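Colleague:
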Amino acid sequence: METPSGTQSARPSARRVHRIGFVGLGIMGGPMARNLREAGLELSVYTRTREKAERFAAEHGARAAATPAEAAQGADAFITMVPDAPQVEEVLFGDAGAAAALPEGALVVDMSTISPTSSRAIGERLAPGDFVEAPVSGSKPKAEDGTLTIFGAGERAAFERALPLFEVVGERIVHVGPLGHGQMAKLLTNTMGAVNAAVLAEAVRTAKATGLDEDAFLEVAAGSAGASGMLNLKGRPMFEERFEPALFKLEHMLKDIRHTLDEARALGIELRLPSLAESLYARAAESGHAEEDFAAVYRALD
Ligand code: NAP
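Per the working numbering, residue 15 is the first one in the sequence shown, and the count goes up by one each step.
(1) Decide if Ala10 is buried, meaning its Cβ has at least 16 other Cβ atoms within 10 Å, or exposed.
(2) So that I know if they touch, is there some Cβ in chain D lying closer than 8 Å to that of Arg286?
(3) Shortest alpha-carbon distance to Lys248 belongs to which of Glu233, Leu287, Arg272, Ala309?
(4) May I have the straight-line CA-CA distance separating Ala223 from Ala236, to the nearest angstrom?
(5) Using only the alpha-carbon positions, how far apart do Arg8 and Glu258 sit?
(6) Please state whether DSSP places Asp124 in a helix, a strand or coil.
(7) Could you give the first and the last residue of the continuous beta strand (DSSP E) run that contains Glu147?
(8) Using only CA atoms, which one of Val234, Gly40, Gly302, Gly54 lies nearest to Arg33?
(9) With distances taken Cα to Cα, identify the nearest neighbour of Ala296 among Lys66, Phe165, Leu315.
(10) Measure the beta-carbon distance from Ala339 to Glu265 and round it to whole angstroms, keeping in mind my assumption that it falls under 8 Å.
(11) Identify the continuous beta strand (DSSP E) that holds Arg186 and give its terminal residues.
(12) So Pro155 and Ser126 are in contact, right, with Cβ under 8 Å, and what is the actual spacing, rounded?
(13) Starting from Arg297 and walking both ways along the beta strand (DSSP E), at which residues does that stretch end?
(14) Starting from the Cα of Thr163, find the closest Cα among Arg139, Glu174, Phe145, Val190 and give me that residue.
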């Protein structure tokens, strides 16, 4: 674990919480749930597409639930990893929602990226101290390796109850502050990444139009003032215009930029570069690239 003061501790296997209800088996949720199962936890899984839950259950020795309420029955902790707040709310409070079915004192952990405002509202609908927000960074490879960065927030005691789970799926685990602060930190970092990817797309586009050699350009750029993790990850896919399979869907990046813009606006701050990036991601989404990797922001330049 890493606290804001930087204290590290060893990575124990999950204990204290044994029975988990887990909802959302997508790009991130699938490998996270698998890691929890491999750490010895009992898992009851639900996702929108029934067959996916049944396939996961058969492959990993979990139970496939027919509803979120069924996944919640008998759970010590209930984890959501779905696209946005409307889906988290539906899973928790909709018809056959989990909240009413959870045993008293069970912990709810939302690991989706949603707006801080929505996260605080969800926390208010649950018993005090039973809700932790914990959006993540790291994309599919880190979800698979169990090395995600976790932006935890909420009451410290609730965060600590969730730690054994976080230590299975994450590596850099930080309690950022009260509810909303984990989401805000996550949104800001994703928005920085989104702006970076957009300017990278413009650079690659111009490099290609100039006729620059792909390997030579990527090599010198990696040792330049323009070097970045984003260049390492997305430079070549952009050069080669390969945006599938998605590691992080463009529609989710657009969602995150929009949440950041809304939150900043509520604080009286106009974010100029993210606003420009929003228009590029929106154009790429509108022209059919929403479910491709966010590197397809490159398509907005077509
Ligand atoms: P994804 O691949 O689109 O997966 C979303 C999952 O949620 C799918 O399994 C989907 O079910 C399920 N779902 C959607 N609506 C649902 C509902 N109403 N009830 C139950 N399940 C529902 O997305 P992802 O990439 O895993 O991202 C999940 C969250 O993590 C998002 O908030 C995203 O912003 C965030 N995130 C993603 C990454 C990344 O690199 N991918 C990194 C950090 C954070 P079906 O597939 O069965 O339809």
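Quick reminder that beta carbons are idealized off the backbone N, C-alpha and C, glycines included.
Since the structure is predicted, the reported quantities are computational estimates derived from the model, not experimental observations.
Modeller: Put simply:
(1) In this structure the chain extends from 15 to 316, so residue 10 is not present and cannot be described.
(2) This model lacks chain D altogether; it includes just one protein chain.
(3) Ala309
(4) 20 Å
(5) Residue coverage of the chain in this structure runs from 15 to 316, which leaves residue 8 outside it and unanswerable.
(6) strand
(7) 145-147
(8) Gly54
(9) Leu315
(10) Nothing can be reported for residue 339: it is not among the residues displayed for the chain, which extend from 15 to 316.
(11) 184-191
(12) Actually they do not touch by this definition, with Cβ atoms about 19 Å apart.
(13) Run containing Arg297: none in the beta strand (DSSP E); it sits in the alpha helix (DSSP H), 286-298.
(14) Val190
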